[in-house]
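Below is one structure, written out as structure tokens; comments come after it.
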Amino acid sequence: MQKHINKKKKTDTRTGKTAVKKKNSRSKRRKSSRVRQRNQRILMSLMLLVIIVLIGWIIINRAGENGWSIGDFLHNSDTMISDAEQSGTDNADSSGGPEQWQKEGAPYIDVELLTPNEYSRPQIPIESVQYIAIHYTANPGATAIANRNYFENLATTHDTKVSSHFVVGLDGEVVQCIPTSEMSYATNSRNVDTLSIECCHPDETGKFNEATYDSAVKLSAWLCVRFGLTSENVIRHYDVTGKNCPKYYVENPDAWIQMKSDIAAQIDVDYGLQDVQ
Ligand SMILES: [Zn+2]
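When the sequence shown is numbered by the UniProt record's numbering, its final residue is 277 and no position is left out of the sequence of numbers.
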């Protein structure tokens with residue numbers, strides 16, 4: 001009997017040992033599967049990292065092939081923004097507005113853009129502004145807004161193709177008809193790279209009164225600074241086609257020389273204003 005018990009005990013001990021062994025091997029298996037899972041996770045993260053680096057490398061390489069640099073990229077996004085602003089109908093230019101332009105030396109500009117139409121606002125882009133052309137309206141006593149409305153009505157009358165970026169009135173008021181990023185019909189072969197300024201005048205001589213003259217000088221100078229030009233880039237319609245326009249400043253060359261020198265002086269003032277800001 002004692003033997004039997006002993007035998008049983010032995011057996012019990014053995015069963016216990018086996019259980020412990022089984023338990024041990026199970027926990028070992030669990031442990032190894034946990035390690036495996038962890039390794040898999042690390043491997044996945046590494047692969048993801050490699051893919052991200054590879055995509056980044058491809059993008060940078062492509063950009064290099066196309067001759068882009070980060071600077072260009074930033075510049076491009078900059079021009080895209082200003083293009084978007086320029087295409088807005090209530091925005092005369094890439095930045096600012098009448099108040100901001102006045103701080104830069106411009107006279108107050110009343111932005112009254114023409115409705116796009118093929119007779120006065122064809123919406124043809126100006127690639128690069130090279131000249132500012134001065135004209136006279138050849139319509140004594142007429143106001144700036146009346147001239148602007150004449151351009152506007154060409155959309156309906158189809159009389160002729162004519163327009164101007166700006167009209168300077170008898171009180172020195174300035175009306176903008178066309179954004180500086182688009183062509184006007186004023187200066188014939190130079191329309192492609194020229195901004196036009198029509199000036200009102202009180203009588204047949206075509207001489208500008210003081211208010212009109214001052215605004216025309218300020219407007220020309222501000223445009224020169226804005227587009228990186230000098231007073232040498234300010235021309236008369238006459239200089240392009242030989243037309244007697246602006247009449248008084250063709251018939252009196254000294255008056256034209258004086259006007260250009262006044263514009264040059266105003267350009268210096270405007271550059272000073274830029275330094276202050
Ligand atoms: Zn003209």
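We put the beta carbon where it would ideally sit given N, CA and C, even for glycine.
Best match in the options for proximity to residue i [C-alpha to C-alpha]
| i | options | result |
| --- | --- | --- |
| histidine 158 | Glu99, Ser120, Thr205 | Ser120 |
| lysine 207 | Cys245, Ser189, Leu195, Gln102 | Cys245 |
| residue 285 | Arg226, Pro253, Val250 | This structure cannot speak to residue 285, because the chain is shown only from 1 to 277. |
| isoleucine 197 | Tyr131, Gln100, Asn39, Trp101 | Tyr131 |
| glutamate 232 | Pro107, Ile267, Val162, Leu48 | Ile267 |
| threonine 230 | Gly242, Ser215, His201, Asp262 | Asp262 |
| leucine 113 | Tyr150, Val250, Glu127 | Tyr150 |
| glycine 180 | Ile145, Asp171, Asn191 | Reading the sequence as shown, one finds threonine at residue 180 and not glycine. Measuring from the Cα of threonine 180, the nearest candidate turns out to be Asn191. |
| alanine 211 | Trp222, Pro202, Asp171, Thr205 | Asp171 |
Where residue i falls: helix, strand or coil (DSSP)
| i | result |
| --- | --- |
| phenylalanine 166 | strand |
| glutamine 156 | Reading the sequence as shown, one finds threonine at residue 156 and not glutamine. Looking at threonine 156 - three-state DSSP - the assignment turns out to be helix. |
| tyrosine 271 | helix |
| glutamine 86 | Confidence is the limiting factor: at glutamine 86 the pLDDT is only 39, short of 50, which leaves the residue's position unreliable, though a coordinate-based value still follows. Looking at glutamine 86 - three-state DSSP - the assignment turns out to be helix. |
| tyrosine 150 | helix |
| asparagine 233 | helix |
| alanine 142 | coil |
Residue range of the alpha helix (DSSP H) that includes residue i
| i | result |
| --- | --- |
| isoleucine 109 | Note, isoleucine 109: premise wrong, no alpha helix (DSSP H); beta strand (DSSP E) at 109-111. |
| glutamate 127 | Element bounds for glutamate 127: n/a, residue is neither H nor E. |
| histidine 237 | 237-241 |
| glutamate 182 | Taken as a continuous stretch (DSSP letters only), glutamate 182 belongs to no alpha helix (DSSP H), as it is neither H nor E. |
| tyrosine 248 | 247-251 |
Limits of the unbroken beta strand (DSSP E) element including residue i
| i | result |
| --- | --- |
| alanine 211 | Premise fails: alanine 211 lies in the alpha helix (DSSP H), 210-226, not in any beta strand (DSSP E). |
| glutamate 99 | Counting along the chain, glutamate 99 falls outside any beta strand (DSSP E), though it belongs to the alpha helix (DSSP H) covering 98-103. |
| glutamate 198 | 194-199 |
beta-carbon residue i near ligand 1 non-hydrogen atom, thresh 7 Å
| i | result |
| --- | --- |
| residue 280 | With the chain covering 1 to 277 only, the question about residue 280 has no answer from this structure. |
| lysine 161 | no |
| cysteine 177 | no |
| lysine 247 | no |
| histidine 237 | yes |
| alanine 142 | no |
| alanine 186 | yes |
Heavy atom of ligand 3 within 7 Å of residue i beta-carbon
| i | result |
| --- | --- |
| lysine 207 | The model depicted lacks ligand 3 and carries ligand 1 instead. |
Proximity test, Cβ basis, 8 Å: residue i and chain B
| i | result |
| --- | --- |
| valine 167 | The displayed structure is made up of one protein chain only, and chain B is not part of it. |
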